[in-house]
Amino acid sequence: MYIVIQFSVCVVIPFFCIFLYCIVVMLHTFASHRHFLDNSRYILFAYMLINDTLQLLSSVLLFLFVMGNVKFAIVYCAPLLFFSTSTFQNTPLILAAMSLERYVAIFYPLQRPAAWRADRIWVIILSLWLVSCILPIVDFSLGETKPGVNVFSTPVLCKTMVLNSSPVQTLFKVSLNGLFFTVVAAIIMFTYMRILLETRKMRQDRASVGKAMHTVLLHGFQLLLCMSAFTHPVTESHISMQAGWLQEHISFFNYFCFILLPRFLSPLIYGLRDESLRGLFGIEKIASKYFEKS
1 MYIVIQFSVC VVIPFFCIFL YCIVVMLHTF ASHRHFLDNS RYILFAYMLI NDTLQLLSSV
61 LLFLFVMGNV KFAIVYCAPL LFFSTSTFQN TPLILAAMSL ERYVAIFYPL QRPAAWRADR
121 IWVIILSLWL VSCILPIVDF SLGETKPGVN VFSTPVLCKT MVLNSSPVQT LFKVSLNGLF
181 FTVVAAIIMF TYMRILLETR KMRQDRASVG KAMHTVLLHG FQLLLCMSAF THPVTESHIS
241 MQAGWLQEHI SFFNYFCFIL LPRFLSPLIY GLRDESLRGL FGIEKIASKY FEKS
């Protein structure tokens with residue numbers, strides 16, 4: 001058990017530090033160049049970077065607490081779980097907003113709605129935060145503590161199942177996540193098809209429309225990376241039955257492959273694909289080999 005904890009810490013912490021360094025470099029780049037702050041697309045991307053960083057930070061803390069068997073009262077555990085859940089649910093909403101922003105930029109370039117302008121995009125961001133925070137509050141309010149458990153004094157492992165104990169709450173959470181990702185997938189598919197049809201009709205400026213189409217398609221890939229977290233129960237039961245791994249090994253494998261790694265790859269892939277960011281990071285020649293078709 002101690003070896004598993006040591007290995008987990010030695011893998012997760014450096015991985016998160018590398019991710020954090022890349023995110024800090026990207027955010028510093030945004031803050032240092034005014035034209036990024038005048039573009040609603042880059043503002044939403046910076047918002048996604050901040051959200052994913054907060055989500056990874058909270059999930060890494062929860063993972064290390066569980067692996068180290070660190071217990072504390074529910075009153076301290078609940079805010080951390082709430083923060084992790086709200087940032088997790090915020091990601092698909094951000095992807096939907098970024099896809100709609102590309103749609104608005106293509107179809108309403110001169111008459112862009114006020115909320116989608118760079119100086120008003122904070123309205124969209126605030127709305128996304130509001131939705132992603134309200135739903136976990138409803139979710140946690142449906143939970144029931146076990147008999148004999150005092151939320152202020154009884155030490156427990158800080159896991160989702162501690163607050164998600166009732167069948168009604170489980171059904172609500174599954175339905176909510178399914179609805180979230182279905183709606184976002186429908187928005188991404190709609191914007192992609194509309195931009196694809198527009199590309200075929202336009203004779204001029206096909207390059208910019210084509211890039212917007214590939215950007216929306218990339219958001220679909222990012223959504224798939226987010227959805228990989230839902231394979232956690234399936235892979236856990238399959239590995240337990242077929243490979244006979246210890247529970248600690250399975251937990252680390254699932255966390256690294258289906259939560260940590262997708263969150264690490266998603267913003268980096270998007271950042272490397274963007275020509276402006278590649279040029280500023282000095283990796284234009286390397287990245288262009290893989291993204292030149294976009």
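So in UniProt numbering, spot 190 of the sequence shown is number 190, and the numbers just go up one at a time.
Even for Gly, the Cβ is constructed at its ideal location relative to N, Cα and C.
Inter-residue Cα distance where the pair is residue i and residue j
| i | j | result |
| --- | --- | --- |
| ALA186 | MET48 | 20 Å |
| LEU265 | ILE137 | 29 Å |
| ALA118 | ARG34 | 12 Å |
| LEU218 | TYR270 | 7 Å |
| ILE121 | ASP38 | 10 Å |
| VAL168 | VAL162 | 14 Å |
| LEU80 | LEU110 | 43 Å |
| LEU54 | THR85 | 11 Å |
| LEU142 | LEU179 | 18 Å |
| GLN131 | VAL183 | Going by the sequence as given, residue 131 is Val instead of Gln. Near 14 Å, if we compare the C-alpha coordinates of VAL183 and VAL131. |
| CYS226 | PRO262 | 7 Å |
| PHE107 | ASP274 | 21 Å |
| SER166 | PHE65 | 23 Å |
| ASP52 | PHE88 | 8 Å |
| ASN150 | VAL75 | 9 Å |
| residue 331 | SER153 | Residue coverage of the chain in this structure runs from 1 to 294, which leaves residue 331 outside it and unanswerable. |
| ILE134 | GLU101 | 24 Å |
| ILE124 | ILE43 | 11 Å |
| residue 338 | LYS211 | The structure shown does not extend to residue 338, since the chain is modelled only from 1 to 294, so the question has no answer here. |
| LEU128 | LYS159 | 25 Å |
| VAL9 | LEU56 | 14 Å |
| TRP116 | PRO92 | 18 Å |
| PHE30 | SER276 | 11 Å |
| ARG112 | LEU224 | 29 Å |
Coarse secondary structure for residue i, derived from DSSP in three states
| i | result |
| --- | --- |
| PRO92 | helix |
| ALA31 | helix |
| ALA118 | coil |
| PRO113 | coil |
| TYR108 | coil |
| ALA287 | At ALA287, the pLDDT of 45 sits below 50, so the modelled position is not reliable; the number obtained from the coordinates is stated separately. Helix, per DSSP. |
| ILE13 | helix |
| LYS293 | Residue confidence for LYS293 is low, a pLDDT of 47 falling below 50, so the modelled location carries little weight and cannot support an answer. |
Close Cβ partners of residue i (< 7 Å) along its chain, the five nearest in sequence each way excluded
| i | result |
| --- | --- |
| TYR255 | PHE63 |
| LYS71 | PRO155, VAL156, LEU157 |
| PHE140 | ALA78, PHE82, LEU163 |
| LEU197 | none |
Same chain, Cβ closer than 6 Å to residue i, neighbours up to 5 away in sequence not counted
| i | result |
| --- | --- |
| THR191 | SER99, TYR103, VAL216 |
| GLY220 | ILE188 |
Same chain only: Cβ atoms within 8 Å of residue i, ignoring 5 sequence neighbours per side
| i | result |
| --- | --- |
| VAL60 | VAL12, ILE13, PHE16, LEU260 |
Any non-hydrogen atom of the ligand COA closer than 7 Å to residue i Cβ
| i | result |
| --- | --- |
| MET189 | Ligands in the displayed structure: none, and consequently the ligand COA is not present. |
Next item on the list: Note down, one range per segment and in chain order, each alpha helix (DSSP H) of at least 4 residues found wholly within the segment 132 to 211.
Entry: The segment 132 to 211 contains these whole alpha helix (DSSP H) runs: 160 to 163, 167 to 201.
Next item on the list: May I have a chain-ordered list of the beta strand (DSSP E) segments no shorter than 3 residues that lie completely inside the segment 38 to 76?
Entry: Entirely contained in the segment 38 to 76, the beta strand (DSSP E) runs reaching 3 residues are, in chain order, 71 to 73.
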